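First to last, the sequence lines map onto chains A and B. Heads up: the first sequence at position 29 corresponds to 29 in full-length UniProt numbering, and the numbers run straight through without jumps. Heads up: the second sequence at position 261 corresponds to 261 in full-length UniProt numbering, and the numbers run straight through without jumps.
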Amino acid sequence: MESILNSFIEGLKNEKILYNRCNQCKKNFLPPTYHCPTCGNDKLEIKEAQKEGTIETFTVVHVAPTDFVKEAPYIVGIVQLNDDLRIMARIKSTQNENINVGDKVKAAFDKKKQDASILFFTF
Amino acid sequence: MNRVFIIGVGLTKFGKHEQLSTRDLFFHASKKAIADAKIDINEIDGIYFGNLSSDRFEHQAHTAAINASNISFRHLPSTRIEDACASGGVAVAQAYLAIKSGLHDTVLVAGAEKMTNLSTPEVTDVLGTCADDIYELPHGITFPGLYALMARAHMHKYGTTREQMSMVAVKNHFNALKNPYAQFHKEITLEKAMNSIIVSDPLNLYDCSPITDGGAAIILTSEEKIKNLDVSPVEIVGVGQASDSISLANRKSLTSIEANKIAAKRAYNMAQITPKNIDIAEVHDCFTIAEIINIEDLGFFEEGKGGKAVEEGTTAIDGDLPINTDGGLKAKGHPIGATGVAQIIELVHQIRGTAENRQLNGIKYGLAQNMGGSGATSVVNILKEVD
Ligand SMILES: [Zn+2]
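Here it is in structure tokens:
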């Protein structure tokens, strides 16, 4: 048996954002899962997303969970990638840019991390 | 088929109860509901209990059995329901099913949560377990953060304003003034609501429901049983529930909650009514933006017009469609497992005429919408006056 999680996290470790394409309804989705959330088909292809996108929404977290208190405030966003894909990740900005919905961002990878936070976006 | 009626309701005060545990909150709310129904405890043949996380809050699982043995010596079947913040509303739906099926005649449905013994970051951690541990939590997102993401998307797409969100808080605090069980009895100004400290931008402290201890209980029974009772029953005529991806980014929309729309449609269909028939609603305002999105998803207002409806006073207690007349989660408080049951209690009071100084006239249909996480569970229960 395989874990649907491993392929996505392993992809991030190799600087790839992997997603699924349904070979029946042709919809794309993230993260990889067992069946197409649109039509239920389980014949899925694994594809690689482009490493740039636009900010669809974001928040600046001030009150953080215990493990993240020292990092606050920080920005978490939902980024629209190519092919109707959407993904949540941190948005890191060194120059404190004035961030706006619709801004273009690039994917980056923090190899020290082991989980979904390997991926973050930057300007 | 059996019809299902609510014959008794009971609430503890919502707020901080330093000396009380989940066991106590369950017991006191349940005793009140049994007394209100004017029945004997021995008439109850099953218990459903909504609770998110007594495990993490109090290091105690298996609370359904504890509760049953505290209230009855008859070894009643007792089941805990955990569907995040929708646990209470789903417990009501499960109890409905138990009576509808004929398995039970009279059921106690309760919800309780003890939360204030932990610090705010610790509570944030516990509530965080209702978000996706793989795709969301590693980024440091929180529940205020998830609703802030929806708020900004809603503001960007529809022009919903900071003021409109704060107006939800002002309205619900105003309504709570007349609810003796509410956590807060403090009228707030729009200016104060808009300028409180930022929790997760664009949401501030007054956009967020508080951390609360509390219990709520109701008694459900069958059509056969109500004939012999000296109470004013209220009928449950529609039950709808739906689920979705728990990860917000993977859902169809960031500005509406698909599970709400589907759950509502299922409940309206069962009740054979439309949103226009609803006279009053209790919606899950865990955050102010949630109330705005929910009243759109339930079909009361067009998508993008929820904020405007609040601004125009349509959802005020003296408006065309009063929303959260008891103060909502925002001001009444949000003891997670109790919330969905407490929503039903306000509808029962308004329908049977026991809402005291919040009483509205001519309430025939009431709707309660209770939601888990950022909207991956939604449950809608519709109540009706008995003709
Ligand atoms: Zn498909």
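Every residue gets a Cβ at the ideal spot worked out from N, C-alpha and C, and that includes glycine. Here the structure is a predicted model, which means the values were calculated and not measured.
Check your understanding: beta strand (DSSP E) containing Met1(A): first to last residue?
Key -> Within the first sequence, the letter at position 1 stands for residue 1(A). For Met1(A), no beta strand (DSSP E) segment is defined, and its DSSP state is neither H nor E.
**Study point:** Backbone secondary structure at Tyr74(A) - three-state DSSP
**Key:** The count along the first sequence starts at 1 and reaches residue 74(A) at position 74. For Tyr74(A), the secondary structure class from DSSP, reduced to helix, strand or coil, is strand.
Point to revise | Neighbourhood of Lys261(B) by C-beta distance below 7 Å, restricted to the same chain and skipping five residues each side | key: As a first step, residue 261(B) is located in the second sequence; it is residue number 261 there, counting from the start. Contacts found: Asp297.
Review point. Whose C-beta lies closer than 8 Å to the C-beta of Val76(A) among residues of the same chain, with five residues either side of it excluded?
Key: Locating residue 76(A) in the first sequence gives position 76, where the first residue counts as 1. Phe58, Thr59, Val61, Met88, Ala89, Arg90, Ile91, listed in sequence order.
Review point. Which two residues bound the contiguous beta strand (DSSP E) that contains Asn70(B)?
Key: Reading the second sequence from its first residue, position 70 is the one you call residue 70(B). That residue, Asn70(B), is in no beta strand (DSSP E); its alpha helix (DSSP H) goes 63 to 71.
**Study point:** Top-ranked residue by Cα proximity to His173(B), from Tyr206(B), Val348(B), Phe14(B), Leu248(B)
**Key:** Reading the second sequence from its first residue, position 173 is the one you call residue 173(B). Comparing Cα-Cα distances from His173(B) to each of Tyr206(B), Val348(B), Phe14(B), Leu248(B), the minimum goes to Tyr206(B).
Practice item. Using only alpha-carbon positions, find the residue among Gln369(B), Val107(B), Ala193(B), Thr161(B) that is nearest to Asp45(B). Key: Against the second sequence, residue 45(B) aligns to sequence position 45. Relative to the Cα of Asp45(B), the nearest Cα in the group Gln369(B), Val107(B), Ala193(B), Thr161(B) belongs to Val107(B).
Review point. Hey, quick one: how far does the beta strand (DSSP E) through Asp201(B) stretch, first residue to last?
Key: The residue given as residue 201(B) occupies position 201 in the second sequence. Counting along the chain, the unbroken beta strand (DSSP E) around Asp201(B) starts and ends at 198 to 201.
**Study point:** Contacting residues, own chain, Cβ-Cβ under 6 Å from Gly375(B) (five flanking each side not counted)
**Key:** On the second sequence, residue 375(B) is found 375 positions in, with the first residue counted as 1. Excluding positions up to five away in sequence, the list reads Ile257, Ala259.
Practice item. Output the boundary residues of the beta strand (DSSP E) element that contains Met88(A). Key: For this step, residue 88(A) is matched to residue 88 along the first sequence. Start and end: 86 to 92.
Practice item. Taking all protein chains shown into account, decide if Ser101(B) is buried (16 or more other Cβ within 10 angstroms of its Cβ) or exposed. Key: Reading the second sequence from its first residue, position 101 is the one you call residue 101(B). Burial call: exposed.
Practice item. Check whether the segment 164 to 171 of chain B touches the segment 206 to 217 of chain B, taking contact to mean three or more Cβ pairs, one atom from each stretch, closer than 8 Å. Key: yes
Review point. Which of the three DSSP states, helix, strand or coil, is assigned to Ala316(B)?
Key: As a position in the second sequence, residue 316(B) is number 316, starting the count at 1. In this structure, Ala316(B) counts as coil in the three-state DSSP scheme.
Review point. Got a sec: does ligand 1 put a non-hydrogen atom nearer than 7 Å to the Cβ of Thr27(A)?
Key: Here residue 27(A) is taken as the residue at index 27 of the first sequence, counted from 1. It should be noted that the sequence gives Lys, not Thr, for residue 27(A). Yes; taking the cut-off as 7 Å, the Cβ of Lys27(A) has a heavy atom of ligand 1 nearer than that.
Review point. If you measure beta-carbon to beta-carbon, which residues of the segment 134 to 148 of chain B are closer than 7 Å to chain A?
Key: Ile134, Tyr135, Glu136, Pro138, His139, Gly140, Ile141, Thr142, Pro144, Gly145, Ala148
Practice item. Decide if Asn175(B) is buried, meaning its Cβ has at least 16 other Cβ atoms within 10 Å, or exposed. Key: For the purposes of this step, residue 175(B) is taken as residue 175 along the second sequence, with counting starting at 1. Asn175(B) comes out buried.
Practice item. Could you tell me which chain A residues have their CB closer than 8 Å to the CB of Asn250(B), listed as they occur along the chain? Key: Taking the second sequence and counting its residues from 1, the one referred to as residue 250(B) is at position 250. Going along chain A in sequence order, the residues near Asn250(B) (Cβ under 8 Å) are Phe29, Leu30, Pro31, Pro37, Arg86.
**Study point:** Same chain only: Cβ atoms within 6 Å of Arg266(B), ignoring 5 sequence neighbours per side
**Key:** For the purposes of this step, residue 266(B) is identified with residue 266 of the second sequence, where counting begins at 1. Closer than 6 Å at Cβ, skipping near neighbours: Gly240.
Practice item. Would you please state the rounded distance, in angstroms, between the beta carbons of Glu52(A) and Val105(A)? I believe it to be under 8 Å. Key: Indexing the first sequence from 1 puts residue 52(A) at position 52. Indexing the first sequence from 1 puts residue 105(A) at position 105. With a Cβ gap of about 7 Å, Glu52(A) and Val105(A) count as contacting.
Practice item. With 7 Å as the C-beta to C-beta threshold (strictly closer), list the residues of the UniProt domain "ChsH2 C-terminal OB-fold" (48 to 110) of chain A near chain B in chain order. Key: Under the 7 Å Cβ criterion, the UniProt domain "ChsH2 C-terminal OB-fold" (48 to 110) of chain A contributes Glu56, Thr57, Phe58, Thr59, Val60, Val61, His62, Val63, Ala64, Pro65, Thr66, Phe68, Val69, Glu71, Tyr74, Val76, Ile78, Arg86, Ile87, Met88, Ala89, Arg90, Val101.
Check your understanding: Roughly how many angstroms lie between the CA atoms of Asn14(A) and Ile293(B), to the nearest whole one?
Key -> In the first sequence, the residue the question calls residue 14(A) occupies position 14. In the second sequence, the residue the question calls residue 293(B) occupies position 293. Answer to the nearest angstrom: the Cα atoms are 39 Å apart.
Exercise for review: Please say whether Val9(B) and residue 394(B) have beta carbons closer to each other than 8 Å?
Suggested key: Residue 394(B) lies beyond the range of chain B shown here (1 to 387); nothing can be said about it.
Review point. Gly328(B) bridges to which residues according to DSSP?
Key: Stepping through the second sequence from its first residue, residue 328(B) is reached at position 328. Beta-bridge pairing links Gly328(B) to no other residue.
Exercise for review: For the alpha helix (DSSP H) holding Ser243(B), just list the boundary residues, first then last.
Suggested key: The count along the second sequence starts at 1 and reaches residue 243(B) at position 243. Unbroken run through Ser243(B) is the beta strand (DSSP E), 234 to 243; no alpha helix (DSSP H).
**Study point:** Contacts around Ser196(B), its chain only, beta-carbon distance under 7 Å, and the 5 residues preceding and following it disregarded
**Key:** Position 196 of the second sequence holds residue 196(B). The answer, listed in chain order, is Asn204, Leu205, Tyr206.
Check your understanding: Do Thr33(A) and ligand 1 come close, with the Cβ less than 7 Å from some heavy atom?
Key -> Here residue 33(A) refers to the residue found at position 33 of the first sequence. Thr33(A): no, Cβ never under 7 Å from ligand 1.
Exercise for review: Spell out the partners DSSP gives Glu45(A) in its beta bridges.
Suggested key: For the purposes of this step, residue 45(A) is taken as the residue at position 45 of the first sequence. Per DSSP, Arg21(A).
Review point. Quick one: what does DSSP say Val101(A) is sitting in, helix, strand or coil?
Key: As a position in the first sequence, residue 101(A) is number 101, starting the count at 1. Reduced to three states, the DSSP call for Val101(A) is coil.
Practice item. For Arg152(B), go through chain A and note every residue whose CB falls closer than 8 Å to its CB, in chain order. Key: Your numbering for residue 152(B) matches position 152 in the second sequence. Within chain A, the residues near Arg152(B) are Thr57, Phe58, Thr59, Val101.
Practice item. For Asn41(A), verify whether its CB is less than 7 Å away from any heavy atom of ligand 3. Key: Annotation note on ligand 3: not contained in the displayed structure, which lists ligand 1 as its ligands.
Check your understanding: Do Phe26(B) and Asn67(B) have their C-beta atoms within less than 8 Å of each other?
Key -> Within the second sequence, the letter at position 26 stands for residue 26(B). Within the second sequence, the letter at position 67 stands for residue 67(B). Yes, the pair counts as a contact, with Cβ atoms nearer than the cut-off.
Point to revise | Identity of the residues DSSP links to Ile344(B) by a beta bridge | key: On the second sequence, position 344 is the one that residue 344(B) refers to. None, per the DSSP bridge assignment.
Review point. In this structure, does DSSP put Asp83(B) in helix, strand or coil?
Key: Stepping through the second sequence from its first residue, residue 83(B) is reached at position 83. Correct three-state label for Asp83(B): strand.
Review point. Per DSSP, what kind of secondary structure is Phe68(A) in: helix, strand or coil?
Key: Mapped onto the first sequence, residue 68(A) falls at position 68. Phe68(A): helix per DSSP, three-state reduction.
Exercise for review: For Ser117(A), go through chain B and note every residue whose CB falls closer than 7 Å to its CB, in chain order.
Suggested key: By 1-based counting over the first sequence, the position of residue 117(A) is 117. Correct list: Pro138, His139.
Check your understanding: Would a C-beta distance cut-off of 8 Å place Ala64(B) and Ser78(B) closer than the cut-off?
Key -> Against the second sequence, residue 64(B) aligns to sequence position 64. Against the second sequence, residue 78(B) aligns to sequence position 78. With contacts defined as CB atoms closer than 8 Å, Ala64(B) and Ser78(B) qualify as a contacting pair.
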